[in-house]
Amino acid sequence: MFETLTDRLGGILEKLTRRGALTEGDVNEAMREVRRALLEADVALDVVRSFTDRVKSRAVGAEVLRSVTPGQMLIKIVHDELIKTLGSDAQSIDLDAPAPVAILMVGLQGSGKTTTTAKIARRLTERNKSKVLMASLDTRRPAAMEQLAVLGEQVGVTTLPIVTGQQPVQIAKRAMEAARLGGYDVVMLDTAGRTTVDEALMAEVAEVKKQVKPHEVLLVADSLTGQDAVNTARAFEERVGITGIVLTRIDGDGRGGAALSMRHVTGKPIKLLGTGEKVDALEDFDPGRVAGRILG
Ligand code: GDP
Numbered sequence: 001m002f003e004t005l006t007d008r009l010g011g012i013l014e015k016l017t018r019r020g021a022l023t024e025g026d027v028n029e030a031m032r033e034v035r036r037a038l039l040e041a042d043v044a045l046d047v048v049r050s051f052t053d054r055v056k057s058r059a060v061g062a063e064v065l066r067s068v069t070p071g072q073m074l075i076k077i078v079h080d081e082l083i084k085t086l087g088s089d090a091q092s093i094d095l096d097a098p099a100p101v102a103i104l105m106v107g108l109q110g111s112g113k114t115t116t117t118a119k120i121a122r123r124l125t126e127r128n129k130s131k132v133l134m135a136s137l138d139t140r141r142p143a144a145m146e147q148l149a150v151l152g153e154q155v156g157v158t159t160l161p162i163v164t165g166q167q168p169v170q171i172a173k174r175a176m177e178a179a180r181l182g183g184y185d186v187v188m189l190d191t192a193g194r195t196t197v198d199e200a201l202m203a204e205v206a207e208v209k210k211q212v213k214p215h216e217v218l219l220v221a222d223s224l225t226g227q228d229a230v231n232t233a234r235a236f237e238e239r240v241g242i243t244g245i246v247l248t249r250i251d252g253d254g255r256g257g258a259a260l261s262m263r264h265v266t267g268k269p270i271k272l273l274g275t276g277e278k279v280d281a282l283e284d285f286d287p288g289r290v291a292g293r294i295l296g
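Given below as structure tokens:
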């Protein structure tokens, strides 16, 4: 059974009944438990270290307010620092550029990239009233192109007609041209995924980026893969350059380890969360909510 961080801290924090300032001993004991819980949630070690250091430096010697118990106060500090680590400045997709605005979707195969492309297209169509065109650049897997076309029909978003024999850059350029001619606001380009980060994948994505100059490059990563998702994000950031992250399968992730490490490791904001298989299972990233989930 998954035990929340608050549950785990419970015993220790209940013992902190003394009033006055929090002592180093009190805080250290609690931080050992925080550290263990975060490592078990697959949070990157340097993230855990800098997190516990920040909590410690704020908590040790802090006067406990009359209205709260020392435990509540420590929880509040942990909560605030979780939000800071997650990125307190929630950002959503940036469409502030001349139309058609290109959004390049990148990530490993199976991360939920194609589904997320359709989810975002649906949201932009319905909420922003944008005219959206989607195109699959996955020339190696015809099934992936078909999948996007099927999803497009499902969400009522046009997909670029499939032309066999074209290379990803050619398809991307064709999509941009079709969007210009058709008066589209947004073009979503779903790139091919691989099972691992390999040079061929990176070179292909980098070339599309160079040619199309997308306004957003969103990395889609599976939160259930924990630190692997974070390492993938780092590799894409270093090799291609990304503007934001979409974390998928949050519905199955009770631990939040990937979310917590992402911002610290990549410096890029998590913009959206995938919360299920259905096309409407997409949420804005809210650091407060995620921190609440991690604390339990
Ligand atoms: P791609 O290979 O990266 O394009 O991945 P797909 O979009 O084909 O998704 C792979 C599988 O993950 C599909 O069965 C999706 O329905 C599922 N999926 C995608 N996003 C989510 C999510 O946020 N939650 C859950 N539970 N499933 C998801």
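When we follow full-length UniProt numbering, the leftmost residue of the sequence shown carries the number 1, and every step to the right adds one. Note that beta-carbon positions come from the ideal geometry of N, C-alpha and C, so glycine has one too. Owing to the predicted nature of the structure, the values given are computational and were not obtained by experimental measurement.
When the options are compared against residue i, the one with the closest alpha-carbon
| i | options | result |
| --- | --- | --- |
| Q227 | L201, G256, L219 | G256 |
| R32 | V48, G20, D42, L22 | V48 |
| G165 | D138, T266, M176, E177 | D138 |
| P98 | I171, K119, A179 | A179 |
| residue 312 | R8, R140, V64, L108 | Absent from the structure is residue 312, since the part of the chain shown begins at 1 and ends at 296. |
| R122 | V132, T114, A62 | V132 |
| P287 | L273, K278, L201 | L273 |
| I171 | L5, S136, A90 | S136 |
| G182 | E207, M134, L201 | M134 |
| M188 | T158, V197, Q167 | T158 |
| M202 | K173, M105, V34 | M105 |
Residue i burial status per 10 Å Cβ neighbour count (16 or more: buried)
| i | result |
| --- | --- |
| I294 | buried |
| E216 | buried |
| D253 | buried |
| K15 | exposed |
| L45 | exposed |
| E204 | buried |
| R127 | exposed |
| P70 | buried |
| M1 | The predicted position of M1 is uncertain, since its pLDDT is 37 and thus under 50; no value can be drawn from it. |
| D26 | buried |
beta-carbon residue i near the ligand GDP non-hydrogen atom, thresh 8 Å
| i | result |
| --- | --- |
| L16 | no |
| Q154 | no |
| R255 | no |
| A259 | no |
| G107 | yes |
| Q91 | no |
| E277 | yes |
| Q211 | no |
| T125 | no |
| V281 | Per the sequence presented here, residue 281 reads as Ala, with Val not at that position. Under cutoff, so the answer is yes. |
| D284 | no |
Below-9 Å beta-carbon distance, residue i vs any chain D residue
| i | result |
| --- | --- |
| G20 | Given the protein chain composition of this structure (a single chain), no chain D is represented. |
Pair within 9 Å by beta-carbon distance, residue i and residue j
| i | j | result |
| --- | --- | --- |
| I270 | G296 | no |
| L124 | I93 | yes |
| T23 | S111 | no |
| D251 | T275 | yes |
| V60 | V78 | no |
| A192 | A144 | yes |
| P214 | I120 | no |
| F236 | G107 | yes |
| L282 | D185 | no |
| E81 | R58 | yes |
| L218 | F51 | no |
| A258 | I83 | no |
| K113 | V197 | no |
| L13 | A30 | yes |
Start and end residues, beta strand (DSSP E) containing residue i
| i | result |
| --- | --- |
| D284 | 282–284 |
| L133 | 132–136 |
Span of the alpha helix (DSSP H) around residue i
| i | result |
| --- | --- |
| S57 | 45–59 |
| G182 | 168–182 |
| residue 311 | Any answer about residue 311 is impossible in this case: the structure gives the chain only from 1 up to 296. |
| V157 | Premise fails: V157 is in no alpha helix (DSSP H) and is neither H nor E. |
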